[in-house]
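Protein chains: 2
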Amino acid sequence: MPESAHVSRIRSGRRTDIRQQNERLILDAAEKVFAEAGFGGATMQLIADMAGLPKANLHYYFPTKEDLYRRVVQNIFEIWLDAASSFDGAAGPVEGIGAYIEAKMDISRRHPHGSKVWAAEVMHGAPVIQDYLETTLRDWTEGRIAVIRRWIDEGKMAPIDPRHLLYMLWATTQHYADFGHQIETLNAGAALSDRQWREATESVKQIILRGIGAL
Amino acid sequence: MPESAHVSRIRSGRRTDIRQQNERLILDAAEKVFAEAGFGGATMQLIADMAGLPKANLHYYFPTKEDLYRRVVQNIFEIWLDAASSFDGAAGPVEGIGAYIEAKMDISRRHPHGSKVWAAEVMHGAPVIQDYLETTLRDWTEGRIAVIRRWIDEGKMAPIDPRHLLYMLWATTQHYADFGHQIETLNAGAALSDRQWREATESVKQIILRGIGAL
DNA sequence: TCGCATCCTGACCGTATGGTCAATACGAAG
DNA sequence: CTTCGTATTGACCATACGGTCAGGATGCGA
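Here the protein sequences line up with chains A and B, keeping their order.
Here this note's numbering is used: position 80 in the first sequence is 80, and no number is missing along the way.
Here this note's numbering is used: position 154 in the second sequence is 1154, and no number is missing along the way.
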């Protein structure tokens, strides 16, 4: 679908803005194309068409396809990390994990392409973000495990293995983005409505919070 | 990693076997390469090297890359459907869903490549298996939803939305295959041991079965 | 108005890849 | 041994893709 969209990009005179504006345009297009075609299946030409720019212009802002891809993945990782803060400052699992589920479901709805790119990157062995996994993600994970352990010690939830609980949170919430197409197909071909998203989020919260004995 | 493995394939004289044998060899290699590189990133040459056959030979058995890919995806879908039978003939959710989780976790461990290929296929909009989603999968899903509804009516579990329960089952179990690399990284870089797989399976069963009020 | 840095882009290039083909080897049946 | 269908393979081809580049447009500051 080479839909050459966004033709109406406004060129505010400001010289500095142009760079930022075009990079945004390219990154958005790239995220979508990488998500739908994978890194290998994506072509610079397709991304260029979708961004409404000539291909050579992409290479002006992003020297190589890898550079562009790296930026897309990093963007996602940052969004993903922001949701992590939902976990903090919570009195117990009901608030903390509940808020985290809500935040991650929201990301799945608002950034489905990003989620898919991230998933594909990990599935391919994380060639680009291995270091993030080993540093930022590992640290974050250890921190949350400690929090969950504390909640368990305080009797606020059942003695569940915190690691597998985290995996379940990631898996369940991201599934609504990564497997969105399958879910739509099983939903008579229609995207989930506001109401259905709310129901999905509630179902996930219900099952998990009850499952860990926090309700 | 062009490791030209499986050099020691035995040529049992039987003429008919050769086809089956080589197709198996090629399909196994293809599954791995497609999983690790994606459809676009996979090359017939890489698959050929991994299968220990000349590239032209692949095209003798599978005319095009798409044909080969289609076969790989279909193989996975069949394995995936087999696990579905765990659901049947169960007296209640503890047996039915418990067995289903065990079966799917087992598949995630034994067929991680296949699971990834399936995930990528769905993420890309299911260009190859859309019809399966709309027929076989939809039918299977409706059937299980009916079963779950019955269990709810019989008071064997809480009134959970069956659809979202199924999504959670798929998401959670397949996560251990699709995001296996991430899980390994968070496991000090080591693959999960037998014991850890058992703990993972038990954790998932615990949380979900308790979460739906079946315990 | 001029100079200069930034931005833009059509045309081009080398390479990698999917796929073809013609020639050959193989082995079972007669 | 001959025949014939199946299997094998190196060499080859057309195409598509990532990336380059030289020349030009643009607009800001002096």
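For glycine and all other residues, C-beta sits at the position ideal for the given N, C-alpha and C.
A quick note: this is a predicted structure, and the numbers were derived from the prediction, not measured.
message: Please report the distance separating the alpha-carbon of Thr1141/B from that of Ala188/A.
response: Cα atoms of Thr1141/B and Ala188/A: separation of roughly 12 angstroms, rounded to the nearest angstrom.
- request: For Phe1087/B, I'd like the list of residues in its chain whose CB is within less than 8 angstroms of its CB, leaving aside the five on either flank, ordered along the chain.
  value: Gly1096, Ile1097, Ala1099, Tyr1100, Arg1144, Val1147
- request: Take every Cβ of the segment 1149 to 1156 of chain B, pair it with every Cβ of the segment 1173 to 1188 of chain B, and state whether three or more of those distances are shorter than 8 angstroms.
  value: no
query: chain B beta carbons: is any one of them nearer than 7 angstroms to that of Ile207/A?
result: For Ile207/A, the answer is yes, since a Cβ of chain B falls inside 7 angstroms of its Cβ.
field: Glu1121/B - DSSP class collapsed to helix/strand/coil
entry: helix
query: Would you call the CB atoms of Ala217/A and Gly38/A closer than 7 angstroms?
result: Since the first and last residues shown for chain A are 1 and 215, residue 217/A lies out of range.
message: Please state whether the Cβ-Cβ distance between Lys1156/B and Gly1114/B is less than 7 angstroms.
response: no
Neighbour-count burial assignment, Ile10/A, 16 or more Cβ in a 10 Å radius: With a pLDDT of 35 at Ile10/A, under the threshold of 50, the modelled position of this residue cannot be trusted; read the value that follows with caution. Ile10/A is exposed by the Cβ-count criterion.
Neighbour list for Lys104/A in chain B, Cβ cutoff strictly below 8 angstroms: Correct list: empty, because the minimum Cβ distance to chain B is about 12 angstroms.
query: Under a CB-based cut-off of 7 angstroms, is Tyr1167/B close to chain A?
result: Closer than 7 angstroms: yes.
query: My guess is that Leu68/A and Phe77/A are in contact by the Cβ rule of under 8 angstroms, so how many angstroms apart are they, rounded?
result: The Cβ separation is near 15 angstroms, so there is no contact.
message: Am I right that Leu1192/B and Thr185/A are in contact with their C-beta atoms under 8 angstroms? What's the rounded C-beta distance?
response: With a Cβ gap of about 31 angstroms, Leu1192/B and Thr185/A do not count as contacting.
query: Roughly how many whole angstroms lie between the Cα atoms of Glu102/A and Ile160/A?
result: 21 angstroms
Within 7 angstroms, strictly: CB atoms of Gly1040/B and Gly40/A: Yes; because the gap between Cβ atoms is below 7 angstroms, this pair is in contact.
field: Inter-residue Cα distance where the pair is Thr1223/B and Ile1079/B
entry: Here chain B has residues from 1001 to 1215 only, and residue 1223/B is not among them.
query: Rounded to whole angstroms, how far is the Cβ of Ala1042/B from the Cβ of Leu1058/B, which I believe are closer than 8 angstroms?
result: The C-beta distance from Ala1042/B to Leu1058/B rounds to 12 angstroms, too long to meet the 8 angstroms contact threshold.
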